[in-house]
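2 protein chains.
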Amino acid sequence: MAVVSRYTLALHILSWLAFRAEKKDEFLPSDRIANSVNTSPVFLRRILGQLAKAGLVLVQHGGTGAGWKLARKAEEISLLDVYEAVVPTPLFELHHSQPNPKCLVGKGIQPALRDIYEESEVAMKQRLAGTSIAELVTSSLAYGSAQAEPGFEH
Amino acid sequence: MAVVSRYTLALHILSWLAFRAEKKDEFLPSDRIANSVNTSPVFLRRILGQLAKAGLVLVQHGGTGAGWKLARKAEEISLLDVYEAVVPTPLFELHHSQPNPKCLVGKGIQPALRDIYEESEVAMKQRLAGTSIAELVTSSLAYGSAQAEPGFEH
DNA sequence: ATCAATGTAACTGAAATAGTTATATTCAAA
DNA sequence: TTTGAATATAACTATTTCAGTTACATTGAT
Chain A
37 MAVVSRYTLA LHILSWLAFR AEKKDEFLPS DRIANSVNTS PVFLRRILGQ
87 LAKAGLVLVQ HGGTGAGWKL ARKAEEISLL DVYEAVVPTP LFELHHSQPN
137 PKCLVGKGIQ PALRDIYEES EVAMKQRLAG TSIAELVTSS LAYGSAQAEP
187 GFEH
Chain B
37 MAVVSRYTLA LHILSWLAFR AEKKDEFLPS DRIANSVNTS PVFLRRILGQ
87 LAKAGLVLVQ HGGTGAGWKL ARKAEEISLL DVYEAVVPTP LFELHHSQPN
137 PKCLVGKGIQ PALRDIYEES EVAMKQRLAG TSIAELVTSS LAYGSAQAEP
187 GFEH
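Protein chains in written order, with the numbering used here: chain A, 37 to 190; chain B, 37 to 190.
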């Protein structure tokens with residue numbers, strides 16, 4: 037295990053909102069999203085809250101048309117934007133208990149690793165930055181449309 | 037949290053063995069390693085066992101000179117070799133509960149994500165492949181030697 | 001005023017991780 | 001062949017994280 041599945045759920049949420057936005061510009065409630073993602077609406081709202089803080093979605097609190105929608109076009113949201121919004125911690129963990137500072141290796145290994153870990157994380161993020169939610173939707177539909185069951189109301 | 041700290045410990049173990057190997061070619065016991073890493077010898081042996089399976093270290097089971105040493109030169113062990121040895125799972129997690137297959141997005145998003153996740157993981161690994169244990173030792177010593185306490189017996 | 005929605009605190013259950021304890025096994029060397 | 005310094009491994013504990021649920025207060029368009 038590594039990068040939390042919460043990130044996958046965030047991408048699913050945004051893809052679904054983008055897919056819906058192509059048909060109609062409206063706020064959509066969390067339990068409609070939960071129907072596609074197959075997860076609790078409360079859990080999704082926690083993720084949606086993080087996405088809202090990062091400026092990726094807009095929220096309508098009360099009233100009949102309450103819910104969520106994309107804050108900007110799906111072409112302008114990269115998978116890295118979403119990563120930064122929901123994954124706050126660095127990719128690699130250092131030691132839990134500090135290494136022995138009396139040992140030359142133990143003394144210097146943490147800053148040495150920090151450099152390498154940082155660069156590896158950047159390499160991963162650059163790949164994420166190269167794809168948008170719009171492209172993810174296109175790709176998902178290409179994979180899914182072949183055998184999707186017809187007549188399903190979103 | 038993300039990539040387990042076990043990976044950091046594995047890199048520390050190998051760096052320490054490489055550092056020691058420069059002075060003398062011998063098997064070194066896990067509690068000597070534990071003195072630098074500052075962790076339980078039993079836990080370290082679990083990691084050392086994984087490294088041995090991957091062919092990165094050699095083990096001497098019984099007798100007076102029992103312990104561990106590098107199976108090949110530190111220049112020929114990359115940080116990616118170590119990653120593959122101790123991190124068995126993919127970097128990104130997909131959904132825990134399957135998305136709704138009746139939804140076009142839910143149907144296709146997993147294979148779409150698999151492609152992108154795979155490429156992101158490869159990008160990260162390529163950076164790890166570019167550094168060897170020998171280089172990590174050199175870098176650690178550069179960071180550590182400035183203020184390390186003198187007179188420490190490894 | 002209604003009520004369909006969100007916001008959030010508090011909880012549960014499951015899993016992973018780090019680390020420990022105890023015991024059996026290995027094998028070089030005396 | 002006995003010794004003993006080491007590893008191998010099972011079983012256990014404590015901590016944390018994560019996903020997901022329940023319950024309730026709040027919001028605000030109509």
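A virtual CB, placed ideally from N, CA and C, is assigned to each residue, including glycine. Remember, predicted model here, so these are calculated numbers, not experimental data.
In this structure ASP117 (chain B) is buried. Its beta-carbon is surrounded by 16 or more other beta-carbon atoms within 10 angstroms.
Here DSSP, grouped into helix, strand and coil, assigns GLY99 (chain B) to coil. In the three-state reduction of the DSSP assignment, VAL93 (chain B) falls in the strand class.
In the DSSP assignment, THR44 (chain B) falls within the alpha helix (DSSP H) that extends over 41-59.
In the same chain as PRO77 (chain B), and ignoring 5 residues on each side of it, the C-beta atoms closer than 6 Å to its own belong to SER66, ASP67, ALA70, in chain order. Shown here for GLY103 (chain B): same chain residues with a beta carbon closer than 8 Å to its own, the five before and five after excluded, namely GLU62, PHE63, LEU64, PRO65, SER66, ARG68, VAL95, GLN96 in chain order. For PHE55 (chain B) and THR75 (chain B), the gap between their C-alpha atoms comes out near 19 Å.
Taking 8 Å as the cut-off, the Cβ atoms of ALA110 (chain A) and ILE49 (chain A) do not count as close.
Your pair ARG163 (chain A) and ALA159 (chain B) checks out as a contact, with CB atoms roughly 4 Å apart and the cut at 8 Å. The residues LYS105, LEU106, ALA110, in chain order, have a CB closer than 8 Å to that of ALA57 (chain A) in the same chain once the five nearest residues on each side in sequence are set aside. C-alpha of PRO147 (chain A) to C-alpha of VAL73 (chain A): approximately 41 Å in a straight line. Interface flag for GLY180 (chain B) against chain A is set, since a Cβ pair is found closer than 8 Å.
Distances from the CA of GLY144 (chain B) to each of A:GLY166, A:TYR153, A:SER51, A:LEU140 were compared; the closest alpha carbon is that of A:SER51. In the DSSP assignment, LYS161 (chain B) falls within the alpha helix (DSSP H) that extends over 140-165. The residue from B:GLY91, B:SER114, B:ARG108, B:ASP151 with its alpha-carbon nearest to that of LEU130 (chain B) is B:ASP151.
The continuous alpha helix (DSSP H) containing ILE69 (chain A) extends over residues 66-73.
DSSP places PHE128 (chain B) in the strand class (E or B) of the three-state scheme. For the stretch 73-96 of chain A, the beta-carbon criterion of a distance under 7 Å to any beta-carbon of chain B is satisfied by VAL73, ASN74, THR75. SER181 (chain B) carries a helical assignment under DSSP once its states are collapsed to helix, strand and coil. Taking a 10 Å sphere around the C-beta of GLY91 (chain A), we find fewer than 16 other C-beta atoms and assign the residue as exposed.
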